[in-house]
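There are 2 protein chains.
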Amino acid sequence: MNSQHFSTKERILGAAEQLFARLGFAGASLRQVTAAANVNLAAVNYHFGSKENLINEVFRRRLDELNAHRLQALDQALARPGAGLEDLLAAFIHPALDLSLDRGGGGAFVRVLARAYAEHNDALRKFLSDNYGHVMKRFHAAFAQRLPDLDKEELYWRLDIVAGALTYAMADFGVIKRKSGVTEQQHRERSAEHLIRFAAAGLRAP
Amino acid sequence: MNSQHFSTKERILGAAEQLFARLGFAGASLRQVTAAANVNLAAVNYHFGSKENLINEVFRRRLDELNAHRLQALDQALARPGAGLEDLLAAFIHPALDLSLDRGGGGAFVRVLARAYAEHNDALRKFLSDNYGHVMKRFHAAFAQRLPDLDKEELYWRLDIVAGALTYAMADFGVIKRKSGVTEQQHRERSAEHLIRFAAAGLRAP
DNA sequence: TCGTAGGTAAAACGGGCGTTTGAATGCTAC
DNA sequence: GTAGCATTCAAACGCCCGTTTTACCTACGA
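Chains as they are written, first to last, in the numbering used here: chain A, 1 to 206; chain B, 1 to 206.
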């Protein structure tokens with residue numbers, strides 16, 4: 001059968017992403033995932049080894065691209081001489097917002113990300129830190145340079161809050177419907193503006 | 001035996017709160033809960049009817065008190081003539097922060113709350129909206145009065161982001177250890193200041 | 001003192017879980 | 001064409017799930 005365009009692995013990843021977003025990692029079973037992917041149950045353990053590894057690969061598939069876009073946007077922002085807080089925030093937000101408003105499964109993935117944030121799952125945190133920690137480090141350094149009056153601890157706090165707030169907000173963007181008469185592009189730009197202004201004001205607060 | 005000070009119901013609620021915070025609603029089983037509570041497995045269904053209802057009661061036990069404190073703090077803030085944004089935010093944040101830094105299970109509960117926020121569980125959302133929607137309405141009205149330049153939609157956005165950010169942040173407070181040489185009271189006050197300043201700046205952003 | 005109601009206990013219910021197995025299938029290179 | 005490999009498949013593995021059942025204990029009012 002397998003008449004779809006995508007490979008078994010890709011269909012499993014897509015179905016897993018949707019179901020993890022809706023039901024959580026523990027709440028979505030491999031039987032649900034493989035049924036949604038139109039794939040045999042054993043395919044998950046054949047291609048991914050275990051459920052936990054499947055979870056990791058769901059993250060890797062999106063985060064490789066997302067973080068590449070973020071670093072690229074950060075480099076472009078830093079290349080400009082007068083780059084300010086808002087430009088750094090835009091570099092962080094725009095790639096994720098593009099993902100969350102994507103026609104593909106990206107919206108689901110941002111909700112998965114928000115779940116992971118709330119879960120405090122140690123194994124997952126280690127995986128994310130090992131694979132993508134350098135991205136947050138680069139943003140942290142760029143923010144630190146532009147917020148010299150904040151001591152290290154205070155900056156850490158605020159970036160943590162900002163990251164949580166943005167993750168949560170972007171997870172919601174996929175769910176909340178836009179007003180009629182607004183194109184998706186307009187909606188996306190206005191959303192990004194909201195988030196950037198909000199976060200910048202929070203970071204700059206005395 | 002039941003040699004503990006607390007009733008079977010209370011011990012189940014406490015153990016469920018801890019395990020839901022750590023493992024999630026789907027991830028924590030009633031066998032784990034009843035074992036941690038030192039109670040027979042059947043006690044959950046006897047006292048609560050079902051797992052889903054147990055989840056609801058875990059929320060009710062804390063939210064009745066939390067929202068009463070929030071409304072009380074809001075009334076006190078509104079009674080003062082010059083009450084501003086920061087006072088409203090303090091009324092919202094302080095009761096939750098007290099809970100999250102509580103010696104009892106409050107810290108776990110705030111993490112449960114953050115999970116519920118990320119889950120978008122329909123049944124749970126309905127329960128929370130039915131039982132505690134009026135609290136958010138009162139805060140919303142108070143904020144609207146102090147932010148007349150924001151249109152309805154914009155205010156809705158920002159309060160949503162603020163609520164999400166604060167929920168995330170407070171869930172983290174219970175996890176992050178305070179610096180040595182800082183009393184818990186100092187830590188609490190500084191944390192509240194951070195959150196209030198951050199949120200106020202975000203709400204006031206042009 | 002007995003009957004009864006409220007609570008606790010152990011055991012079992014059917015079913016879903018993640019994972020493994022071993023045979024069947026498709027595909028590529030010789 | 002056939003050997004060899006990668007993939008798919010149905011079936012089963014043992015285990016844990018939420019819930020129910022049935023019996024037992026205990027306390028208290030009649």
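Beta carbons are placed, not taken as given, at the ideal position from N, Cα and C, and that holds for glycine.
No experiment lies behind these values; they were computed from the predicted model shown.
Test item: CB-CB of residue i and residue j under 8 Å
| i | j | result |
| --- | --- | --- |
| V162 (chain B) | A21 (chain B) | no |
| R158 (chain A) | G84 (chain A) | no |
| F139 (chain B) | L88 (chain B) | yes |
| A114 (chain B) | T167 (chain B) | yes |
| A201 (chain B) | A205 (chain A) | yes |
| L155 (chain B) | A144 (chain B) | yes |
| L101 (chain B) | F173 (chain B) | yes |
| E86 (chain A) | V58 (chain A) | no |
| R188 (chain B) | L99 (chain B) | no |
| K51 (chain A) | L30 (chain A) | yes |
Burial state of residue i (16 or more Cβ within 10 Å)
| i | result |
| --- | --- |
| N40 (chain A) | exposed |
| Q186 (chain B) | exposed |
| R11 (chain B) | buried |
| I196 (chain B) | buried |
| A141 (chain B) | exposed |
| G181 (chain B) | exposed |
| A42 (chain B) | exposed |
| G207 (chain B) | Summary: the structure shown does not reach residue 207 (chain B), with chain B confined to residues 1 through 206, and so no result is reported for it. |
Straight-line gap, residue i to residue j (C-alpha atoms, nearest Å)
| i | j | result |
| --- | --- | --- |
| N207 (chain B) | R70 (chain B) | What is shown of chain B runs 1 to 206, which leaves residue 207 (chain B) out entirely. |
| N67 (chain A) | P95 (chain A) | 8 Å |
| Q72 (chain A) | L78 (chain A) | 10 Å |
| N2 (chain B) | L23 (chain B) | In this predicted model, N2 (chain B) has a pLDDT of only 37, less than 50, meaning its place in the structure is not dependable enough to derive any value. |
| N131 (chain A) | R61 (chain A) | 12 Å |
| E184 (chain A) | F6 (chain B) | 55 Å |
| K152 (chain A) | N38 (chain B) | 44 Å |
| L13 (chain A) | V44 (chain A) | 9 Å |
| D122 (chain A) | A116 (chain A) | 10 Å |
| A118 (chain B) | L128 (chain A) | 19 Å |
| A36 (chain B) | F198 (chain B) | 39 Å |
| V234 (chain A) | L124 (chain A) | Examination of residue 234 (chain A) is not possible in this model, given that chain A is present from 1 through 206 alone. |
| G105 (chain B) | K126 (chain A) | 26 Å |
| Y46 (chain A) | Q32 (chain A) | 17 Å |
| I93 (chain B) | D160 (chain A) | 17 Å |
| A15 (chain A) | N53 (chain A) | 15 Å |
| A171 (chain B) | R103 (chain B) | 15 Å |
| G49 (chain B) | P148 (chain A) | 56 Å |
| G27 (chain B) | G27 (chain A) | 7 Å |
| Q76 (chain A) | E65 (chain B) | 50 Å |
| L74 (chain B) | R80 (chain B) | 10 Å |
| A169 (chain B) | L150 (chain B) | 25 Å |
| G107 (chain A) | T8 (chain B) | 43 Å |
| H120 (chain B) | H120 (chain A) | 17 Å |
| L203 (chain A) | L203 (chain B) | 12 Å |
Where the alpha helix (DSSP H) through residue i begins and ends
| i | result |
| --- | --- |
| G82 (chain A) | Looking at the DSSP string, G82 (chain A) is not in any alpha helix (DSSP H), and its letter there is neither H nor E. |
| T8 (chain A) | 8 to 23 |
| D172 (chain B) | 152 to 173 |
| T34 (chain A) | 30 to 37 |
| V182 (chain A) | Unbroken run through V182 (chain A): none, as it is neither H nor E. |
| A118 (chain A) | 106 to 119 |
| R138 (chain A) | 122 to 146 |
| N45 (chain A) | 43 to 48 |
Check: residue i C-beta below 7 Å from any heavy atom of the ligand PLP
| i | result |
| --- | --- |
| R190 (chain A) | With respect to the ligand PLP, the structure shown offers nothing to examine, as it has no ligands at all. |
### Message
Taking 8 Å as the cut-off, does the stretch 188 to 195 of chain A touch the stretch 135 to 147 of chain A (at least 3 CB pairs, one atom from each stretch)?
### Response
no
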